[in-house]
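Protein chains in written order, with the working numbering: chain A, 9 to 878; chain B, 129 to 343; chain C, 262 to 556. Glycine included, each C-beta is placed from N, C-alpha and C at the ideal position. These numbers were taken from a predicted model, which means no experiment stands behind them.
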Amino acid sequence: MKNAQVPIYEDKWIPTSCAMCYAQCGIRVRRVNGVAVAIEGDPGSSINGRGGICGKGIAGLNVLYDPDRVNYPVKRTNPEKGIGVDPKWKRITWEKALEEITERLKKLRSENPSKVLFLTSPIPANHINQHVLVLLFRLAYGSLNYSPGGGGLHCGNASHFGAGMNHCSWSVLPDYKYCKYAIFFGGEAATGAGHSFSMAAALRAESTAQGLRTVAVDPLCHQIGGKSTEWVPILPGTDLAVALSMVNVIINELKKYDIEYLKHKSNVPYLVKDDGHYIRDERGEPLMWDGADGKAKAWDDSNLKDPTLEGEYEVKGEKCTPAFELIKKHVKQYTPEWASKISTVPAVTIRRLATEFIENARIGSTIEIDGVKLPYRPVAAVQFRGGSGHTNGFHTYFAVDLLNQLAGAMDVPGGAIGWPAKCVGYTETELPKWEPIATKDGLLTATLWLTSLPGTWPHPEPKMPKRATLGDLFTCCAASTPFPFSSDSEELLEKFNLPYRIEMIMGVAQNTVMTVGQPETVANFLKKVPFTVFFSLYHNETTEGFADIVLPDTCYLESLSCLQAEFFVLYAPVGMLPWAYHLRQPIVEPLYERRFIPQVVLELADRLGIKKEVIKSFNQYLVQSGVPQRFTEEEDVSWEEINDRFLRWKFGSDKGLEWFKEHGFITWPKKPEEAYWRAFTNGRSSVYMEFIIEQREKMEPICKAHNVELNFDYYTPLISWFPAIIHNPKSPEYDLIAFSFKDAIHTGSMTQGISYFNEVSQLSPYVFNILMHPKTAKEKGIKIGDAIVVENDHGHKTTGTVYTIEGIHPQGIAFMSGSGKWARGAPLAQGKGGNLNALQELDLEHCCPITLNLETAARVKVYKAEKKAG
Amino acid sequence: MKWTMVIDLTTCVGCWACVMACKQEHFLPRDILWGRIAMTETGTFPKVTKQIVPLLCNHCQDAPCVKVCPTGATVVREDGIVYVNYDQCVGCRYCVIACPYQHRTFLASIKEYHTGHGFTEFEKIGRQLYPIQEGTVLKCNFCMERIDNGIRKGLKPGIDREATPACVIACPTRSRYFGDQDDPEAEVVKIIRERKGFQLHKELGTEPSVYYLYY
Amino acid sequence: MDIQQNPYEWMIKLTPQKEWIEGRGTLLLLAMFFGMGAGVYLVFSVFDNIFGMLVGLLIVNLLFGGLHLVYLGKPLRFWRMFLRPQTSWISRGLIFVTILNITGIVEMGMIYWLPGTGIQMVFKVISIILAVLVCIYTGFVMSYVRAIPFWNSALLPVLIVVHEILGGLGVVLMLSKINGFGLDIELIEHWSTMLLVVSAFLLAIYLWNATYSMRPGPQSVLVLLRGPKVFSLPFWIGVVLLGIILPLIVGWYSYYGGGVSSYLLFGGIVSELTGGLGLRYCILKSGFYAPLLPI
């Protein structure tokens with residue numbers, strides 16, 4: 009501060025963790041004379057890019073000091089609700105706000121607590137707020153209804169479901185340190201995506217320098233496409249076809265796959281009857297045919313030596329065959345030529361990718377890491393929303409992951425690894441502790457999962473729905489269902505005789521109307537809810553249009569918490585990077601009248617008289633993570649106390665809140681058994697989805713009895729081709745497919761309106777423009793800079809300005825997610841970009857029938873706007 | 129001593145960390161950027177290559193901006209850094225015109241980021257900690273203050289974080305390098321040689337201190 | 262023509278200079294135009310007309326210098342601009358203006374008190390040389406900039422100095438029509454027309470030569486000739502029609518057709534001066550930088 013013109017009485021670096029996206033990078037913030045003046049990556053933490061973080065993180069101070077933030081509790085005085093309506097806010101005191109909220113909550117609790125819907129966001133790292141509000145408070149209150157936001161619906165339902173089942177983690181990425189060849193099916197790992205962006209980007213950069221080859225199978229050549237060794241353009245929603253044909257080439261043409269993996273680590277040796285079910289022993293465990301001694305054995309039989317993959321056998325009088333045999337025959341129909349017609353990827357490219365993938369896998373090779381010998385498979389096939397964000401999401405995810413399974417590249421060095429699914433604990437306390445364990449049918453259960461969400465395996469039994477979200481019927485939905493927001497929600501709830509409707513919403517970090525799906529559809533639901541309360545950093549499209557009370561939230565630079573660090577499978581250091589556990593601490597006291605949500609929630613609980621139940625839930629949460637109760641029922645604990653005890657329990661009595669406030673984080677080395685846990689368990693991954701038959705058997709009667717239509721043909725245990733709904737347009741005039749991507753500089757729908765972000769966004773042609781191929785544009789008489797209307801095959805529209813690029817599939821039209829904002833609370837973002845969500849129809853027909861992943865693309869037609877947009 | 133920066137285009141992913149870090153380090157006001165990223169593509173579908181290029185002042189050793197400056201406010205230091213002495217700049221913008229890399233900006237007035245709300249606390253303290261003058265021309269100075277302070281403390285620019293330009297330490301993919309080109313052992317010297325580092329608009333003879341790696 | 266229109270096309274498509282033409286840059290355009298004050302001084306000095314020389318110096322100082330001063334970010338520091346004549350043409354220019362003022366005033370004094378003497382001749386020659394230098398230096402300021410290939414030509418200072426003198430002649434003619442000054446108006450008209458023909462010729466050569474310069478020099482010429490309209494309209498209508506064709510027609514009639522009315526002559530001169538302004542506008546506006554991307 010050499011040039012400083014004022015005396016400096018304070019110059020301190022405070023360690024904390026970032027919350028601008030899921031990655032939760034370790035940062036340190038400089039405070040000078042009481043003002044936060046600089047953010048940089050903490051060089052000692054492994055949760056960032058070797059001391060570097062992305063632009064969003066560095067610009068975090070914009071969020072702290074932004075005068076456009078919600079700074080005081082406000083109440084709506086305009087009784088009209090709707091998109092773009094002026095709420096005519098009136099400032100009220102916290103006391104008044106809490107009084108009114110408590111009154112409403114009390115009334116509804118006496119009628120039916122499930123009338124209150126709790127909404128959260130999966131991003132800006134608000135997991136602690138999820139836990140406190142959506143899990144703990146909600147459980148104590150007694151409501152069945154919660155929904156973790158739009159992102160869960162779009163990205164999460166298929167991808168997290170699949171990653172949860174097969175990797176016991178939230179998502180997967182290539183083990184960059186050792187990987188040599190990686191294929192990305194519509195995922196931006198390490199180039200733009202929020203999952204550990206800086207950490208992954210650093211790993212990827214190093215690996216690139218050592219010869220990593222990457223292939224991006226993507227309709228857009230921007231972040232992943234632009235940085236990959238090869239860009240393979242594909243028609244959106246057809247990744248399933250390409251993946252299946254690659255599986256076919258590997259199994260039936262190249263005939264080269266990791267037999268040892270398939271035999272011992274997957275469920276393809278399981279014997280399958282004619283009806284598709286497993287053959288089971290007396291205990292109910294599925295059986296395999298042991299080729300060593302010709303007997304049928306279960307997965308946990310210690311004498312099991314060499315399960316066979318092919319052949320026909322007779323067990324307990326029934327004919328059966330290993331699932332692999334069925335799969336092998338089944339995928340023969342999926343030729344590269346067939347896939348090429350559907351996906352526009354040339355057949356020769358598909359064959360080449362399959363060949364390169366399996367050749368690079370070095371099946372059978374091993375590597376020694378820290379003295380531990382492990383299988384070495386330096387290939388990975390990774391996907392995220394782009395691949396599985398369609399109505400064929402379930403099958404797409406497992407088809408792509410099957411490539412990893414065929415190569416044996418599952419949670420081994422160089423392969424597709426999840427965020428750490430196993431932890432043996434901090435050296436001194438052996439906590440936290442979790443690992444995948446083999447449970448039902450020998451498949452793996454993750455013992456660490458986001459406790460407010462459905463678990464991984466086994467999935468709860470589908471039941472007649474009592475929840476307005478229908479999440480108790482659709483139990484294979486990993487994150488959020490489209491209900492009760494969708495256009496057919498009312499009809500479905502009627503059919504299922506749900507005796508109540510949602511009469512109040514309590515939401516945190518929500519922009520429901522803009523990010524869940526078609527805004528008018530969502531608006532129709534929101535308008536009907538008599539009373540809504542939102543904790544929010546900014547006024548956004550949802551609060552302005554539909555909130556009755558908005559409470560000012562603290563941002564991460566004003567918040568204290570250690571509990572957001574808990575969900576390791578989302579963001580913890582991958583591969584052999586050392587563990588790190590961060591405390592998030594405030595750099596400045598909350599400005600204006602902002603208050604930290606957990607404290608507000610505890611106060612609400614107190615007013616409702618359920619604080620003891622909330623604390624009990626805290627204990628339950630801790631018990632769930634394997635610890636004896638730490639809070640007695642008589643104690644009245646404060647938020648600081650909760651954090652302090654939690655940290656001391658986990659890391660030792662000397663490492664409480666004060667220690668963490670000083671050091672920021674604790675770090676300890678990773679063991680190979682943790683990073684590459686699969687070699688140390690006899691649990692298996694899923695290729696043959698037998699459980700889906702039972703799921704169907706339970707769901708179909710319920711649906712039929714209530715006249716609810718669902719495509720149960722989709723519920724097949726063999727991974728199969730199903731076209732996404734966008735491949736059956738209503739009419740050929742809808743000739744383009746609109747899709748979105750996430751730009752590296754933006755998160756959700758918040759950053760578009762923030763100063764620095766807005767400024768640099770002007771420098772990228774990708775951010776606020778609608779992207780088209782120049783030939784396509786020319787055919788339609790459109791050129792760069794034209795205002796256009798993009799209309800889907802249900803008549804919903806959005807507008808924006810065109811920019812043409814060669815790096816896009818000619819049939820594609822791309823939007824940056826989160827653009828097209830219209831809120832008064834984001835003046836800088838208003839009118840910039842088009843809103844893809846306006847084109848996403850929100851109903852059961854537009855969801856994956858198993859996981860309820862929303863169809864994130866749309867079939868559209870494009871024409872010039874009559875007057876200028878915006 | 130000749131400070132040199134090397135930017136590796138093969139590993140840069142365009143995350144804007146460098147641009148934001150620079151803005152933050154110098155509390156740059158609205159519309160003023162000392163570092164930028166330019167993006168374009170070459171080729172036609174389906175053989176398309178995308179280029180992401182971080183740009184900044186090249187600190188030319190034969191700088192046109194230094195030569196045209198009528199007041200001598202823009203100078204080349206002995207260690208190669210080209211900087212502007214704000215007390216001497218008269219705001220004629222000849223240097224802005226003369227720069228072939230177009231990396232100088234005239235600060236007409238310091239505008240608030242949030243129109244109508246005044247300056248935020250961050251913006252206010254920024255002017256106290258890092259003064260700039262309206263009516264003068266601003267540009268990147270290789271974080272000269274960090275380098276000078278660092279050297280005074282015995283630190284090594286390019287190696288020790290505190291003494292290294294903010295954009296270099298911000299990069300999560302380690303795509304930026306900084307060092308002394310006169311030191312044969314320096315990393316920058318090695319990578320320029322091994323990876324055929326090149327300068328922009330070399331034909332203009334400005335002798336930039338910023339090299340790019342593309343191979 | 263791929264010209265930058267959005268911030269994200271900066272230095273990827275042809276990026277025009279902005280500081281000396283847009284917004285406050287208009288002041289600079291006008292300032293450069295009023296450099297013809299030195300031309301006014303030069304013409305009047307040839308005829309030893311003190312009043313006219315004073316007018317010329319006033320234009321140079323108040324309009325040319327004054328507008329420059331107002332354009333600066335920190336006008337009160339302008340005295341610093343003398344300090345780098347070793348490399349900076351602006352410094353040199355300011356020194357020329359200062360010396361012109363000094364020698365001009367001395368010369369005016371000499372015409373009044375010591376007319377016809379040897380020393381008056383010396384100062385006349387010196388001040389005329391300075392006037393030419395003041396005319397030409399703005400051309401050098403631009404041609405020194407290698408970053409803009411369109412400007413980086415030896416012909417630009419020549420073109421500029423011819424235009425300044427032409428402007429000077431025009432203003433002298435206008436002033437003479439108002440108040441005779443006892444100048445040989447027909448001679449001045451004759452010189453004016455001849456010089457206009459020369460300037461047209463020079464302009465053609467300048468543009469033609471620019472098509473051989475480094476990219477994007479040729480593109481600058483193309484936008485002036487073919488458009489977009491924001492470049493080609495000022496060129497064809499301003500520089501060619503108003504600046505060359507109309508004044509030539511008036512000049513022709515005036516010389517061969519037995520003279521024209523004062524109003525027509527006035528109109529012709531105003532048209533020619535507009536053309537001069539238009540020329541500076543066109544040169545400033547179409548100065549493109551060579552893109553940095555693609556690599």
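Boundaries of the alpha helix (DSSP H) in which residue i is found, first to last residue
{"i": "M780/A", "result": "Note, M780/A: premise wrong, no alpha helix (DSSP H); beta strand (DSSP E) at 778 to 780."}
{"i": "A880/A", "result": "What the structure shows of chain A is the stretch from 9 to 878, and residue 880/A is not part of that stretch, so it cannot be assessed."}
{"i": "R615/A", "result": "605 to 616"}
{"i": "E249/B", "result": "249 to 257"}
{"i": "S532/C", "result": "523 to 546"}
Contact set between residue i and chain C, taken where Cβ atoms lie within less than 8 Å
{"i": "Y222/B", "result": "S349, I351, V402"}
Contacts of residue i in chain C (Cβ-Cβ under 7 Å)
{"i": "G263/B", "result": "G334, K335"}
{"i": "L386/B", "result": "Lying before the first or after the last residue shown, residue 386/B is absent from chain B, which here runs from 129 to 343."}
Per DSSP, the bridge partner or partners of residue i
{"i": "N800/A", "result": "V868/A"}
{"i": "V181/B", "result": "A166/B"}
{"i": "C328/A", "result": "Y321/A"}
{"i": "P23/A", "result": "R36/A"}
{"i": "Y343/B", "result": "Partner(s): none; Y343/B has no beta bridge."}
{"i": "W353/B", "result": "Since the displayed chain B opens at 129 and closes at 343, residue 353/B lies outside it and no answer follows."}
{"i": "Q391/A", "result": "F193/A"}
{"i": "F326/B", "result": "Y340/B"}
{"i": "E48/A", "result": "R36/A"}
Span of the beta strand (DSSP E) around residue i
{"i": "V810/A", "result": "805 to 812"}
{"i": "I513/A", "result": "512 to 516"}
{"i": "E169/B", "result": "163 to 172"}
{"i": "I425/A", "result": "424 to 426"}
{"i": "L127/A", "result": "124 to 127"}
{"i": "I100/A", "result": "Unbroken run through I100/A: none, as it is neither H nor E."}
Listed by chain order, chain B residues near residue i by CB distance under 7 Å
{"i": "I380/C", "result": "Per Cβ cutoff of 7 Å: no residues; I380/C is ~33 Å from chain B at best."}
Chain-ordered chain B contacts of residue i [CB-CB under 9 Å]
{"i": "S206/A", "result": "C143, A145, P300, T301"}
{"i": "Q278/C", "result": "V224, I225, Q230"}
Coarse secondary structure for residue i, derived from DSSP in three states
{"i": "D561/A", "result": "strand"}
{"i": "D721/A", "result": "helix"}
{"i": "L571/A", "result": "helix"}
{"i": "M207/A", "result": "helix"}
{"i": "I238/B", "result": "coil"}
{"i": "M272/B", "result": "helix"}
{"i": "P495/A", "result": "Note that residue 495/A corresponds to Ser in the displayed sequence, not to Pro. Coil."}
{"i": "P294/A", "result": "strand"}
{"i": "I358/A", "result": "helix"}
Interface partners of residue i on chain C, CB under 9 Å
{"i": "V181/B", "result": "L553, L554, P555, I556"}
Per-residue contacts from residue i into chain A (C-beta, under 8 Å)
{"i": "C489/C", "result": "The sequence as given places Pro at residue 489/C; Cys does not occur at that position. Chain A residues near P489/C: none, gap ~13 Å exceeds 8 Å."}
* Compile a chain-ordered list of the residues in the stretch 763 to 792 of chain A whose CB is closer than 8 Å to at least one CB of chain C. => Q770, L771, S772, P773
Open item on the list: Residues of the stretch 232 to 245 of chain B in Cβ contact with chain C at a cutoff of 8 Å, in chain order, please.
Closed with: F234, L235, A236
Tell me which residues of the stretch 181 to 211 of chain B have at least one Cβ-Cβ distance to chain C shorter than 7 Å, keeping chain order. V181, L183, P192, K195, V196, C197, P198, T199, G200
Q) Just by C-beta distance, which residues in the stretch 405 to 431 of chain C are closer than 7 Å to chain B? A) Taken in chain order, the members of the stretch 405 to 431 of chain C whose beta-carbon sits within less than 7 Å of a beta-carbon on chain B are Y405, V406, R407, A408.
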